[in-house]
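Each remark here refers to the structure printed beneath this line.
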Amino acid sequence: MSMFGNWFTEDEDDIFMGSPKSKFFDVSREASKDIVEEEIDKIIEKLAVLEMIVSQDKDENFDINEYIKEYTLENHEKVKAMKKGLYVEFTGEIICRLDS
């Protein structure tokens with residue numbers, strides 16, 4: 001079995017590996033403030049576009065926060081896995097910018 005087989009299920013408190021979330025914050029604390037701000041701005045822009053797509057063609061009473069809350073409750077494990085994947089993606093974006 002590959003040593004990377006359970007990379008998303010490592011112990012959140014493992015001091016040697018850490019979670020994707022903890023690694024993101026480790027990298028963001030050590031990286032240039034300008035790089036981190038630019039990457040967070042890209043994340044916010046992505047979120048804005050996704051909210052616009054989800055809200056498209058909905059009536060004025062549509063509450064996106066309630067929709068997200070319900071979706072998260074119904075799809076907890078999938079959301080958790082996607083969230084970890086996004087932390088890995090965003091960490092990678094910051095690290096790639098450090099080399100340039």
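Under the UniProt record's numbering, the letters of the sequence shown match residues 1 to 100, in that order. We put the CB at the ideal spot given by N, CA and C, even for glycine.
- Restricting attention to Thr91, Cys96, Asn65, the CA atom closest to the CA of Ser22 is found in Thr91.
- Taking all protein chains shown into account, Glu30 has fewer than 16 neighbouring C-beta atoms within 10 Å of its C-beta and is therefore exposed.
- For Lys58, there is no enclosing alpha helix (DSSP H), since its DSSP letter is neither H nor E.
- DSSP, reduced to helix, strand and coil, places Gly18 outside both helices and strands of the structure shown, so it counts as coil.
- When rounded, the separation of the alpha-carbon atoms in Glu74 and Glu66 is 12 Å.
- The Cβ atoms of Phe24 and Tyr71 lie no closer than 7 Å to each other.
- Buried is the label assigned to Glu39, since at least 16 other Cβ atoms lie within 10 Å of its Cβ.
- The beta carbons of Ile43 and Glu51 sit no closer together than 7 Å.
- Ile35 and Ser19 have their alpha carbons spaced roughly 22 Å apart.
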